[in-house]
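Read in order, the letters of the sequence shown correspond to residues 2 to 354 in this note's numbering.
The C-beta atom is built at its ideal place from N, Cα and C for all residues, glycine as well.
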Amino acid sequence: MGAEKRHTLEAILEKASMDAKFWDEAIYAFASYFGAKGALFIPIESKYRGAWLTFTRELSHVISAYLEEGWYLNDFREKFAPIGRRQGYATDYDITTKEEMEGIPYYRDFLHKHGLGICIGLSAPTPNGDWYMTAHFSKDKPPLSENEIVDVLEIRELFNEAVQTSIKTSQEKLQSYLSLLGESNNDILLLDLDGKIIQHIQGAGLLSNSQNESYADLAGLDFNGFLKPEHIEACTKVLQTAPHDNYVTSWKQTIDEVDCEISIRQLPISLRHFYSAAKAIVYISKNHHAPSDMDQILIRDFVLTSAEAQTALFLSKGHSVQEIAEVLGNLETFMRLAIDCLSELRITKPESQ
């Protein structure tokens with residue numbers, strides 16, 4: 002299968018362990034290594050499929066049919082689960098025979114129509130259940146030989162190591178991000194795919210100080226319980242939107258007689274991986290909360306906007322441009338332009354230093 006292709010795959014998996022965007026490259030290297038028609042990175046649990054699939058462009062039409070025709074709700078390869086956990090990988094020959102495939106709708110009416118039939122799936126445990134890196138072949142591919150099995154297991158170790166490293170890395174990035182957010186005057190919530198609260202940072206204390214004592218520990222509660230019915234659909238849309246879309250929505254709402262603004266957005270893909278438990282972040286702030294003393298000075302004496310004042314304060318505390326961009330929901334290039342404006346202010350008004 003080639004030492005050069007293996008080296009390429011190893012290098013890209015190492016990158017993917019540090020930044021989720023490189024999984025897009027990893028699946029191409031994976032398909033190339035095994036000489037497959039295409040590759041797909043997919044969770045074994047159906048509820049995590051859809052927006053979070055990553056695949057090679059050769060499989061685009063197959064994935065479209067997979068989703069539009071509802072095959073993701075009746076995926077015969079879910080039978081991979083116990084086998085993959087036991088031996089680290091699974092193929093279609095582990096769950097059926099070549100003869101039986103002709104009578105199984107998943108193969109006969111779906112895969113075979115697209116020139117596919119056999120896949121090799123390497124498994125890795127994640128916070129969202131087992132995920133599989135799968136290489137796809139025609140229905141004529143024979144079972145793996147003993148030498149091929151050895152090779153598959155070696156690649157599976159590399160894949161699993163990359164996944165486990167990425168989980169640790171994304172957790173560290175996310176906690177650093179939340180630490181930065183904790184300096185703002187907002188309540189911050191992390192939500193999983195089902196809208197359950199994973200973590201709560203008390204900035205303004207809008208929820209934790211409620212008269213309802215059950216709010217004291219929000220972990221595990223359904224965030225929809227805090228929303229008006231008309232906003233539940235908006236929250237669900239954010240949770241189910243593809244992570245690359247960076248979808249965000251916001252509205253005003255009264256919580257325990259306090260006028261608040263609620264903003265929900267997909268967690269930036271740079272801070273997590275497709276299989277991270279946390280999917281979205283919620284900002285809850287008072288509509289007219291009083292800015293800090295330093296905010297007031299910057300706004301009043303140096304004619305800065307609230308966002309510019311917040312940017313200046315974050316910079317003064319040693320935070321990077323990328324961190325600030327993530328918090329304020331802006332592109333890094335936009336933030337650099339804003340910081341250039343602040344630098345010009347420092348020149349024209351030396352006392353702003």
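* What alpha helix (DSSP H) runs, 4 residues minimum, are completely inside the region 34–121? -> 61–69, 81–88, 99–102
* To do: Could you tell me the distance, in whole angstroms, from the CA atom of residue 278 to the CA atom of residue 143?
  => Whole-angstrom Cα-Cα distance: 37 angstroms.
* Alpha carbon to alpha carbon, how far is residue 172 from residue 280? Give it in angstroms, no decimals. => 12 angstroms
* Using the Cα positions of residue 43 and residue 122, report the straight-line distance between them to the nearest angstrom. => 10 angstroms
* Near residue 274, which residues of its chain fall below 6 angstroms by C-beta distance, leaving aside the five closest residues on each side in sequence? -> 21, 167, 171
* Asked: Taking the alpha carbon of residue 25 as the point to measure from, which residue in 8, 59, 3 has its own alpha carbon closest?
  -> Residue 59 is the option with its Cα nearest to residue 25.
* To do: Name the one or two DSSP bridge partners that residue 254 has.
  => 261
* Asked: Is DSSP giving residue 266 helix, strand or coil here?
  -> Residue 266: strand per DSSP, three-state reduction.
* To do: State the DSSP-derived secondary structure class of residue 127, mapped to helix, strand or coil.
  => strand
* Give the range of the alpha helix (DSSP H) segment to which residue 8 is assigned. => Annotation: the continuous alpha helix (DSSP H) that includes residue 8 extends over 4–17.
* Asked: Is residue 298 helix, strand or coil when you go by DSSP?
  -> Because the pLDDT of residue 298 is 49, which lies under 50, any placement of that residue in the model is unreliable, and the number read from its coordinates should be weighed accordingly. If DSSP states are grouped into helix, strand and coil, residue 298 belongs with the helices.
* Asked: What residues are listed by DSSP as bridge partners for residue 197?
  -> 223
* Quick one, which of 188, 126, 187 has its alpha-carbon nearest residue 158's? -> 126
* To do: Could you pull the start and end residues of the alpha helix (DSSP H) that residue 240 belongs to?
  => 230–241
* To do: Return the first residue and the last residue of the beta strand (DSSP E) that residue 141 is part of.
  => That residue, residue 141, is in no beta strand (DSSP E); it is neither H nor E in DSSP.
* Got a sec? Which residues, its chain only, sit under 8 angstroms from residue 118 by beta carbon, not counting five neighbours each side? -> 93, 102, 108, 112, 138, 139, 140, 141, 142
* To do: Please classify residue 257: is it buried, with 16 or more other beta-carbons within 10 angstroms of its beta-carbon, or exposed?
  => exposed
* To do: Just grab the DSSP bridge partners of residue 151 for me.
  => Beta-bridge partners of residue 151 (DSSP): none assigned.
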